[in-house]
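**Q** One structure is given below, represented as structure tokens, and several questions about it will come after.
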Amino acid sequence: MELITLAHGSGGKSSHQLIEGLFYKYFRNDILEQRNDASVLPEILGRIAVSTDSFVIHPVFFPGGDIGKLSVYGTVNDLAMSGAKPLYITAAFIIEEGFPLKDLEKIVASMSEAAKAAEVKIIAGDTKVVEAGSADQIYINTTGIGILPKDMNIGGQNAKGGDKILVSGTLGDHGTAIMALRKGFEFVTDLESDCGLLSGMIQEILQAGADIKVLRDPTRGGLAATLNEISQQSKVGMLLEEGAIPVKQAVRSLCEILGLDPLYIANEGKLLVIAAEEDAERVLAVMKNHPLGKDAAMIGTVMDSPKGQVYLKTEIGGTRILHMPAGELLPRIC
Amino acid sequence: MKYLTEFRDPALTKTLIQKIEKKAIQEVIIMEVCGTHTMSIFKSGLRGLLPPQVRLISGPGCPVCVTPQSYIDTAIQLTERQDVILTAFGDMLRVPGTEGSLMAQKSKGRDVRMVYSPMDAVQLALDNPHKEVVFLAVGFETTAPAIALSVDQAKKADIHNYSILQSIKTMPNTMEALVVEEDIQIHGFLCPGHVSAVIGVKPYRFLSEKYGLPAVIAGFESLDILMGIYHILDMMDKKDYKVVNEYTRLVSEEGNLKALEMITKIFEVTASVWRGLGSIEGTGLKLKQEYENYDTVKKLGIQMASEQPVKGCICGEILKGKACPLDCRLFSTACTPENPVGACMVSEEGTCAAYYKYGEFRD
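Just so you know, the protein sequences line up as chains A and B, in that order.
Just remember that our numbering sits 3 ahead of the position in the first sequence, which is counted from 1.
Just remember that our numbering sits 4 ahead of the position in the second sequence, which is counted from 1.
Here's what the structure looks like:
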């Protein structure tokens, strides 16, 4: 089995072979073909959205995706959340010496496929190899740029009392699927990561002409962290209906066993929308119509006060605060 | 049966709350001993649904919270040894010692590993024959059987590089210690469901027979807890005090005989040091003499660190149900889940963490 060695990152012959044989093979496009230290892009008319993200997931291959697909969709999704149309991304790799070349090829092929699906070009890249033990297999950073329509104003600061909160599907799938694979568990589940591309659904929502205030993908920290951030940015309160929040039975069960809360668990292909009350039903219909949104639901309402607080009305009718998550999620003793 | 939905049925909840409202004529203080009860009560928002006369106070049933600081300090010292791999349940990693925590030690590159079962630690010992694998043996009758099993298996398999740092505690005598303490007022107990699954119903009988207190062994879903509260109020109303087992789907009269047998095979009763409560006779378990080789302290010839009180922290009072987290001046200012000062803020099950995390809805 051919392995990545320090020579692959040295800038010499091996590096060259890796770049030609792998990265150019899968990522080839007119801009990358310039082959210079910097890629020069054609003029972009309009406001530009930029986003960057590093991916350090373990394991690198998981049900429903891999680090490559995740690294493209993750950044493309972040761009889309501003209402931008994603155009280009860059890709930088930090690879641990000894990583199988075959696996790298699988990852690069997966990135290429994801970029095609997202209609973005990979326009610049970098590869570094570090000594065994200095990194965990492979890390990928992607940076993306997109173009914003002229009067687009979507952001976490725009939520107002009365607005409705919607999600595009079941929550906690990604984090739970990954956790079930971790060493020490022997859970047999059919859970898959929801790793998915949200820019298509967002374009459909925006084309419906609804008054969209906020778009977010609730990744790390889950729904709870995302809503807390928005409530602080917009200086509003929120009230969620626990019974309305879609969570898969398997996710619910696994979380129950581990003492975790699905609302705090990462998603990688779910969209959170805050829309004006009068447009909410229409937005929900658009989401439900999209292949990634069949489980979409309206889960709560924005309130003028108390500012910066998110409340959850439980299924039995009690109410509790949904706090910003603190620290790492750790399983409880008993 | 779908345990996650049927025992949280909104309509039944409403009916039970109405029945409780009718029974609650005077102020009643009920202690839920177990940390999982505390968490479940907050998570479901149950407190806000109960009539104000029914006061729920949280007891010392969170294993992390009752573990003394000196124990964590000893564990931290152990991680400084090159020949030791320290293993622990997940939420032990964040417990503050006098300086730092096991999580901080892990960040410094010390060999601290989170395990889901003590058997994983035994496996680790097999895989690392040149290291001493130490397991932090904490918890109640719930974790005791698995820890006992790990020692038993290690001995049978002739594994000599596995040992446990002991701080296992037991529940019934602790509850008695709370009952006899003069300034604690408790009218009834919600007995810990998981502990009861192991020890059964009998060990709680003294509550009604000796002290005339109603007690209910309850499960952890909203309806379980409400049924428990209702039974307690009903017994008080009829002045007929008993120990009622409401958690019959898991708890039998005798308990789990196999688990109990394993506990008594490996352990014997001893005094135990509780954070904030001090040493209480008969509330701990220690390895029997023939298993002493699995006692980290004896085996490595170390000394337990001494207990340093934490300034301003009232965890002890909170564990006894004498104070509520809101009475503590450190609560949510100096002491938060990110930077816990006292242990009650560390574990998900801790009273302070539950108050902080789930809060109470104030209109």
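Positions of the beta carbon are idealized from the N, C-alpha and C atoms, including for glycine.
Since we're looking at a predicted model, the values are computed, not measured.
List the residues of chain B that A:Thr353 touches, going by C-beta distances under 7 Å, in chain order.
**A** Residue 353 of chain A lies beyond the stretch modelled for chain A, which goes from 4 to 337, so this question has no answer here.
**Q** Please name the residues in the region 55-73 of chain A whose beta-carbon is closer than 7 Å to at least one beta-carbon of chain B, in chain order.
**A** Within the region 55-73 of chain A, no residue has a Cβ that lies closer than 7 Å to any Cβ of chain B.
**Q** Which residue marks the beginning of the alpha helix (DSSP H) containing A:Gln235, and which one marks its end?
**A** Unbroken alpha helix (DSSP H) run through A:Gln235: Gly225 to Ser237.
**Q** Hey, does B:Lys361 have any beta-carbon neighbour from chain A nearer than 8 Å?
**A** Yes, its Cβ sits closer than 8 Å to a Cβ of chain A.
**Q** Sorted by chain position, which residues of the same chain lie with C-beta nearer than 8 Å to B:Ala338's C-beta, five sequence neighbours on each side aside?
**A** Result list for B:Ala338: Gly316 and Val345, in chain order.
**Q** Between A:Ser113, A:Ala162, A:Leu200 and A:Gly296, which has its C-alpha nearest A:Gly303's C-alpha?
**A** With distances taken between Cα atoms, A:Gly303 lies closest to A:Ala162.
**Q** Taking C-beta to C-beta, are B:Thr174 and B:Phe144 nearer than 8 Å?
**A** Yes, they are a contact pair.
**Q** At a cut-off of 7 Å, would you count B:Glu136 as near the ligand MN, judging by its Cβ distance to the nearest heavy atom?
**A** Questions concerning the ligand MN fall outside what the structure shown contains, since it holds no ligand whatsoever.
**Q** Have a look at A:Met327 and B:Cys66 and give me their C-alpha separation to the nearest angstrom.
**A** About 23 Å.
**Q** Considering B:Leu194, what are the terminal residues of the beta strand (DSSP E) in which it resides?
**A** Here the beta strand (DSSP E) through B:Leu194 covers Gly192 to Cys195.
**Q** Taking 8 Å as the CB-CB limit, is B:Thr174 close to chain A?
**A** So no, B:Thr174 is outside the interface.
**Q** Among A:Asp139, A:Glu195 and A:Leu218, whose alpha-carbon lies nearest the alpha-carbon of A:Ser171?
**A** Measuring from the Cα of A:Ser171, the nearest candidate turns out to be A:Leu218.
**Q** For A:Gly262, return the contacting residues in chain B, with the cut-off set at a CB-CB distance below 7 Å.
**A** What A:Gly262 touches in chain B: Glu352.
**Q** Name, in chain order, the residues that DSSP records as bridge partners for A:Asp56.
**A** Paired residue(s): A:Thr145.
**Q** For A:Asp33 and B:Ile89, what's the separation of their Cα atoms in angstroms?
**A** Near 54 Å, if we compare the C-alpha coordinates of B:Ile89 and A:Asp33.
**Q** With which residues is A:Leu287 paired in a DSSP beta bridge?
**A** Note: A:Leu287 sits in no beta bridge, so no partner.
**Q** Measuring only between beta-carbons, confirm whether A:His326 sits less than 8 Å from chain B.
**A** So, interface residue.
**Q** List, in order along the chain, the chain A residues whose C-beta lies closer than 7 Å to that of B:Leu106?
**A** Those do not exist, as B:Leu106 stays about 11 Å from chain A at its closest Cβ, beyond 7 Å.
**Q** Beta-carbon of A:Arg255 versus every beta-carbon of chain B: anything under 8 Å?
**A** For A:Arg255, the answer is yes, since a Cβ of chain B falls inside 8 Å of its Cβ.
**Q** Using the Cβ count rule (16 or more neighbours within 10 Å means buried), how would you classify B:Arg366?
**A** Legend: pLDDT at B:Arg366 = 40, less than 50; position of this residue unreliable, value from coordinates given subsequently. When all chains shown are included, B:Arg366 counts as exposed.
**Q** Quick check on the DSSP output: the alpha helix (DSSP H) that includes B:Ala150 runs from which residue to which?
**A** It spans Ala148 to Lys160 - the alpha helix (DSSP H) in which B:Ala150 sits, taken as one unbroken run.
**Q** Less than 8 Å between CB atoms is the rule here; does A:Ala288 satisfy it with respect to chain B?
**A** So no, A:Ala288 is outside the interface.
**Q** Below 6 Å CB to CB, which residues in the same chain sit around B:Gly386 once its five sequence neighbours on both sides are set aside?
**A** The structure shown does not extend to residue 386 of chain B, since chain B is modelled only from 5 through 367, so no value can be given for it.
**Q** Among residues of its own chain, excluding the 5 on either side of A:Tyr29, which ones have a beta-carbon nearer than 6 Å to its beta-carbon?
**A** Counting only Cβ-Cβ distances below 6 Å, and skipping sequence neighbours, we find Val111, Ala112 and Ser115.
**Q** List the residues of chain A whose Cβ lies closer than 9 Å to the Cβ of B:Leu8, in chain order.
**A** In chain order: Gln252, Arg255, Ser256 and Glu259.
**Q** CB-CB under 8 Å to A:Pro62, same chain, minus the five flanking residues each way: which ones, in chain order?
**A** Around A:Pro62: Ile181 and Leu184.
**Q** Please list the partners that B:Pro14 has in chain A, where partner means a Cβ-to-Cβ separation under 7 Å.
**A** Those within 7 Å of B:Pro14 in chain A are Glu318, Ile319 and Gly320.
**Q** Which residues, in order along the region 224-254 of chain B, keep a beta-carbon less than 7 Å from a beta-carbon of chain A?
**A** Cβ contacts with chain A come from Ser226.
**Q** What residue does the alpha helix (DSSP H) around B:Thr71 start on, and which one ends it?
**A** B:Thr71 -> no alpha helix (DSSP H), and no H or E assigned at all.
**Q** Check whether the region 71-88 of chain A touches the region 151-168 of chain A, taking contact to mean three or more Cβ pairs, one atom from each stretch, closer than 8 Å.
**A** Output reads yes: the region 151-168 of chain A touches the region 71-88 of chain A.
**Q** I need the DSSP call for B:Tyr251, collapsed to helix, strand or coil.
**A** B:Tyr251: coil per DSSP, three-state reduction.
**Q** When the Cα of B:Val277 is compared with those of B:Lys292, B:Ser212 and B:Ile76, which residue comes out closest?
**A** It is B:Ile76.
**Q** At a CB-CB cut-off below 8 Å, which residues of chain A make contact with B:Thr17?
**A** Simply Ile319 and Gly320.
**Q** Measure the beta-carbon distance from B:Met11 to B:Leu227 and round it to whole angstroms, keeping in mind my assumption that it falls under 8 Å.
**A** It should be pointed out that residue 11 of chain B corresponds to Phe in this sequence rather than to Met. Confirmed, about 5 Å.
**Q** Distance check for A:Met290 and A:Gly296, CA to CA, integer angstroms please.
**A** In a straight line, the C-alpha of A:Gly296 is about 5 Å away from that of A:Met290.
**Q** Is it the case that the Cβ atoms of A:Ala120 and A:Leu200 are separated by a distance below 8 Å?
**A** Going by C-beta atoms, A:Ala120 is nearer than 8 Å to A:Leu200.
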